[in-house]
Amino acid sequence: MIKVAIVGCGTMGNVHAKGYVNIKNAKVTAVCDIRKEKGMAISELLDAKYYESYDEMLKEDVDIVDICLPTYMHKEFALKAMELGKHVFCEKPIALSVEDAEEMVNKAKEMKVKLSVGHVVRFFPAYKNAVNLVKQGKIGTPKLIRTTRNGAYPGWSWENWYSNYELSGGPLLDLVIHDIDWIISNFGDVQRVYAKSFNGKVERKDHCLVTLTLKNGSLAHVEGSWAYPDGAIFGTTFEVIGTTGQIESDSRSSSPIKKYTNNGAFNMALDSPLQYKDEPYTAELQEFINAVIEEREPLITGEAAIKAIKVSLAAIKSSKTGEAVEL
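If you use my numbering, the sequence shown corresponds to residues 21 to 347, in order.
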């Protein structure tokens, strides 16, 4: 049985905790948060020991440390865990800078431990179904990918850390990196990045538009926003347009994925039931646990996470300078 410790018992810590309930070959034995009420809630849910001190928790005999902390804390907490020979699963984005991320990856190699990052969109059924259809040649060669990821500003964050873009990176790093990782991992590496961002409800750049030119010549357009009204339903969409057809999805639709072809055909493109809520999070955690048990590389490596933040950071640079950035 793999023993897991969760550090950070806020929103994502709770999501991960619920995911572990459904995993049979791992047990959360320790949780850590400086807010006792948050930590105790997960402690009681999972019958795990609560720690206020991270250093004390690291003395526990655990195999994996699951880091669900704000981005600016990722490197420090990951390095401490890996230095003690513990595998690390870290929420996305991996870090605020390429240098910090590379330090984390290098430490994992040095200590011969596994490192993975929570790019969970790869595990959402609609996105997986779309990739499978593309691989089966159902729409020919993909030429254009469009994604949106829009909702209200996450004002519920601990000490409102999302509002400080020096700590969170804003939506270009924290939000649309989901779609950037999905595009890179399934449609190809990025060659050129051009981005625009502007103020929405607050005096921050909380709405962004990013155009990616892939090395294979395809284009991707990525939109993300924290500027929607409070109470707006968070939603995501994607379109993949190929030489012989199109796939589209809208998370707020009763038909989560559709396929069109050049002869006018329309199909509900389902090859597995679509389940949301916590299921994709369970799947990503299960995949990492299996990688640890099987002593193999996880599906989402630290190197893959670095590719994603390089594009997000290039988008931030482009939005500030008004010029495209070559990678």
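The beta carbon of each residue, even a glycine, is placed where N, CA and C say it ideally should be.
Assuming residue i contacts residue j (C-beta within less than 8 Å), just tell me the rounded distance between them.
{"i": "Cys-88", "j": "Val-137", "result": "Contact flag wrong, Cβ pair sits at about 12 Å."}
{"i": "Ala-25", "j": "Glu-96", "result": "About 16 Å; that fails the 8 Å criterion."}
{"i": "Glu-259", "j": "Arg-166", "result": "4 Å"}
{"i": "Gly-265", "j": "Tyr-280", "result": "6 Å"}
{"i": "Thr-14", "j": "Val-82", "result": "The chain is shown only over 21 to 347; residue 14 falls outside these bounds and no answer can be derived."}
{"i": "Val-51", "j": "Tyr-70", "result": "6 Å"}
{"i": "Met-131", "j": "Glu-103", "result": "7 Å"}
{"i": "Thr-168", "j": "Glu-72", "result": "So it is not a contact: roughly 40 Å between Cβ atoms."}
{"i": "Ile-62", "j": "Cys-29", "result": "5 Å"}
Can you give me the start and stop residues for the beta strand (DSSP E) that residue i sits inside?
{"i": "Gly-244", "result": "239 to 248"}
{"i": "Phe-97", "result": "Segment 94 to 103 is the alpha helix (DSSP H) holding Phe-97; no beta strand (DSSP E) there."}
{"i": "Val-331", "result": "Not the beta strand (DSSP E): Val-331 falls in the alpha helix (DSSP H), residues 322 to 341."}
Measure the Cβ-Cβ separation of residue i and residue j and say whether it is below 9 Å.
{"i": "Ser-269", "j": "Ala-344", "result": "no"}
{"i": "Leu-115", "j": "Ile-200", "result": "Here residue 115 is Ala; the residue named in the question, Leu, does not match the sequence. Their beta carbons are not under 9 Å apart, which means Ala-115 does not touch Ile-200 by this criterion."}
{"i": "Gly-189", "j": "Ile-326", "result": "no"}
{"i": "Asp-209", "j": "Leu-347", "result": "yes"}
{"i": "Ile-267", "j": "Lys-158", "result": "yes"}
{"i": "Ile-43", "j": "Thr-302", "result": "yes"}
{"i": "Arg-142", "j": "Lys-148", "result": "yes"}
{"i": "Asp-230", "j": "Leu-192", "result": "The sequence given here has Val at residue 230, not Asp. Contact: yes."}
{"i": "Ser-338", "j": "Tyr-214", "result": "yes"}
{"i": "Val-108", "j": "His-198", "result": "no"}
{"i": "Ile-241", "j": "Leu-234", "result": "Here residue 241 turns out to be His, not Ile, going by the sequence shown. No, these two residues do not count as a Cβ contact at 9 Å."}
{"i": "Ala-247", "j": "Tyr-173", "result": "yes"}
{"i": "Lys-58", "j": "Gly-39", "result": "no"}
{"i": "Asp-86", "j": "Leu-305", "result": "yes"}
{"i": "Ala-150", "j": "Ile-277", "result": "yes"}
{"i": "Leu-187", "j": "Ser-245", "result": "no"}
{"i": "Ala-252", "j": "Asn-180", "result": "no"}
{"i": "Ala-121", "j": "Gly-255", "result": "no"}
{"i": "Ser-238", "j": "Ala-324", "result": "no"}
{"i": "Asn-310", "j": "Asn-45", "result": "yes"}
{"i": "Leu-99", "j": "Glu-64", "result": "no"}
{"i": "Ile-84", "j": "Lys-106", "result": "yes"}
{"i": "Asn-236", "j": "His-227", "result": "no"}
{"i": "Leu-66", "j": "Val-35", "result": "no"}
{"i": "Phe-144", "j": "Pro-249", "result": "no"}
{"i": "Thr-257", "j": "Ser-271", "result": "yes"}
Specify, as a first and last residue, the run of the alpha helix (DSSP H) that residue i falls within.
{"i": "Phe-308", "result": "299 to 314"}
{"i": "Thr-31", "result": "31 to 41"}
{"i": "Glu-76", "result": "74 to 77"}
Among all the DSSP beta bridges, which residues are the ones paired with residue i?
{"i": "Glu-69", "result": "Per the sequence shown, residue 69 should be read as Lys rather than Glu. Paired residues: Ala-50."}
{"i": "Ala-25", "result": "Ala-50 and Val-85"}
{"i": "Glu-111", "result": "Gly-138"}
{"i": "Gly-255", "result": "Asn-170"}
{"i": "Ile-261", "result": "Leu-164 and Gln-266"}
{"i": "Glu-346", "result": "Arg-212"}
In chain order, each alpha helix (DSSP H) run of at least 4 residues that lies wholly inside the segment 178 to 233: Runs of the alpha helix (DSSP H) inside the segment 178 to 233: 185 to 188, 190 to 194 and 197 to 207.
Would you list, in sequence order, the uninterrupted beta strand (DSSP E) runs of no fewer than 3 residues that lie entirely inside the segment 113 to 181? DSSP runs (the beta strand (DSSP E)) wholly in the segment 113 to 181: 135 to 138 and 162 to 172.
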